[in-house]
Amino acid sequence: MAVTETVLGEGISFALSPEQQAVRELAREFAEKEIRPKAAAYDEHSTHPADIIEKAFEVGLMNVHIPEEYGGLGLPGFDGMLIGEELSWGCSGIAVSIICNTLGAGPLLVAGTDEQKRRWLTPLTEEPILCSFGLSEPDAGSDAARIKTTAVRTGDEYVLNGSKMFITNAGHAAWTVVFASTDRSQGHRGLSAFVVPMDADGVTIEQHLDKMGQRSTDTSAFALSDVRIPVADRLGEEGEGFKIAMKTLDLTRPGTAAGAVGVAKAAYDYARAYATERVTFDVPIAMHQGISFLIADMATEIEAARLLVWQAAWLLDRGERATLQSSFAKRLAADTAMKVTTDAVQVFGGYGYMREYPVEKLMRDAKLFQIYEGTSQIQRLVIAKEIFLGRGG
Ligand SMILES: Cc1cc2nc3c(=O)[nH]c(=O)nc-3n(C[C@H](O)[C@H](O)[C@H](O)COP(=O)(O)OP(=O)(O)OC[C@H]3O[C@@H](n4cnc5c(N)ncnc54)[C@H](O)[C@@H]3O)c2cc1C
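So the sequence shown is numbered by the working numbering: it starts at 642 and just counts up by one.
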């Protein structure tokens, strides 16, 4: 039993409820049976995992946070985080394709009216369709104030022009929440959020980007050219876009961090098994302290990252502000995934560097967690702001 499954005294329990255990087991079984067997081939060919998305939808592993009144399961963020770790243990590329609807739907959950939620979220619960989150641009990633996409109001419509870069699932999405400037002079305070159907006139997918890792998730660049969006599809008020994006990321970062824990755990599992099988100098390499200490550090750091993820998800489910804890979790889990997967390649020696073995893929996959949903540097920036502005630490 891992520390995270023991009860540590009155008031603080790390034990999963029977329902949470059931969700975790469902996700683990799905990862083992449906994801793992296809992970290597889908990675090699950058395959969009439509068949696996459909199965995940059927067994109830998608859109789990959409409230019951809009046709969803209404599960807490904690359960989504458990699903994120298990599916990513199977393959984080395929997992992100399945769970990225949480990011796409986030702005509607944060700022949508009842009517907007009914219109855009309910269809997600009726068939396995995808949505995406369009914040980043060719010249604006970490610094959203540099967003150049504009939305100009003309009567009951906005006309959107610009381009979006690195958008997960955009190439297969039914709609994307696009963040565009309604007032360039206001920087990030001039951003507004719009739901944009991807089949609207003027939306063009420009490129399905070719990536180092998580290759079975689509990442696309798209252009918006005189795209007309009704005022009714603006989320929140003009100028609230940045706040909506940041609140969404607060909600989704624990799930993303959980994905990083899943990748690290997969690398640890492979490394631990290999260390007991591979023999050098007449003993399994696990008997060499240099290797056993690597494995010991992996286990420790995975446990620490998971505990931070659990804490952030727990705080969010209590309705508390968790900007600091979400960034703690994302930063540590992403950096842990990178370190653990790199060390797993080391444990495998030369074989670790070969495509035939699973750990080089995990190392490529892990790198992305340090980049998307705010780089590890940006997480430190958020943490430092929280500390020095007196809201945390
Ligand atoms: C595969 C993939 C999927 C993605 N999916 C999405 C998505 O679905 N939706 C979406 O909107 N975006 C998405 N992104 C974009 C992602 O969020 C950005 O790539 C990320 O925020 C970094 O922005 P950038 O690439 O423009 O790098 P930059 O912002 O140009 O940063 C370059 C480097 O400078 C560092 N840096 C920047 N500013 C500072 C600072 N103030 N202090 C210290 N260091 C700093 C960064 O950490 C980074 O190392 C995705 C990206 C990738 C690669």
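Just so you know, even glycine gets a beta-carbon here, dropped at the ideal spot from N, CA and C.
Whether residue i touches residue j by CB criterion (9 Å)
{"i": "L765", "j": "G843", "result": "no"}
{"i": "F807", "j": "G831", "result": "no"}
{"i": "V700", "j": "T743", "result": "no"}
{"i": "F1010", "j": "V904", "result": "yes"}
{"i": "Q855", "j": "G734", "result": "yes"}
{"i": "S1017", "j": "H849", "result": "no"}
{"i": "D984", "j": "D938", "result": "yes"}
{"i": "G715", "j": "D958", "result": "no"}
{"i": "V872", "j": "R759", "result": "no"}
{"i": "V988", "j": "I936", "result": "yes"}
Extent of the continuous beta strand (DSSP E) to which residue i belongs
{"i": "E798", "result": "798-809"}
{"i": "F922", "result": "Where F922 is concerned, there is no enclosing beta strand (DSSP E), given that its DSSP letter is neither H nor E."}
{"i": "D867", "result": "860-871"}
{"i": "F655", "result": "Careful: F655 lies outside any beta strand (DSSP E) and carries neither H nor E."}
{"i": "T791", "result": "791-795"}
Terminal residues of the alpha helix (DSSP H) in which residue i lies
{"i": "T964", "result": "964-993"}
{"i": "P764", "result": "763-767"}
{"i": "I1019", "result": "1017-1029"}
{"i": "E918", "result": "882-918"}
{"i": "S857", "result": "First-last for S857: undefined, no H or E at that position."}
{"i": "M722", "result": "718-731"}
{"i": "P748", "result": "742-752"}
{"i": "M1004", "result": "1000-1010"}
{"i": "I943", "result": "930-958"}
{"i": "P708", "result": "Looking at the DSSP string, P708 is not in any alpha helix (DSSP H), and its letter there is neither H nor E."}
{"i": "I600", "result": "Absent from the model: residue 600. The displayed extent of the chain is 642 to 1034, so no value can be given."}
{"i": "D684", "result": "677-686"}
Integer-rounded CB distance, given that residue j should sit under 8 Å from residue i
{"i": "A841", "j": "A821", "result": "Not a contact, Cβ separation roughly 14 Å."}
{"i": "E726", "j": "A899", "result": "4 Å"}
{"i": "A752", "j": "E881", "result": "7 Å"}
{"i": "A963", "j": "D891", "result": "6 Å"}
{"i": "I1012", "j": "F969", "result": "No, I1012 and F969 are not in contact; Cβ-Cβ is about 18 Å, not under 8 Å."}
{"i": "C732", "j": "S654", "result": "No, C732 and S654 are not in contact; Cβ-Cβ is about 31 Å, not under 8 Å."}
{"i": "T790", "j": "V837", "result": "Their Cβ separation, rounded to whole angstroms, is 10 Å, which puts T790 and V837 out of contact at 8 Å."}
Identified DSSP bridge partners for residue i
{"i": "I846", "result": "F863"}
{"i": "P838", "result": "W816"}
{"i": "S833", "result": "A821"}
{"i": "A781", "result": "E778"}
{"i": "C772", "result": "W816"}
{"i": "R875", "result": "F835"}
Residue environment, residue i, which counts as buried when at least 16 other CB atoms sit within 10 Å
{"i": "R894", "result": "buried"}
{"i": "E863", "result": "Per the sequence presented here, residue 863 reads as Phe, with Glu not at that position. F863 is buried by the Cβ-count criterion."}
{"i": "M979", "result": "buried"}
{"i": "T817", "result": "buried"}
{"i": "D692", "result": "exposed"}
{"i": "G1015", "result": "buried"}
{"i": "R869", "result": "exposed"}
{"i": "M995", "result": "exposed"}
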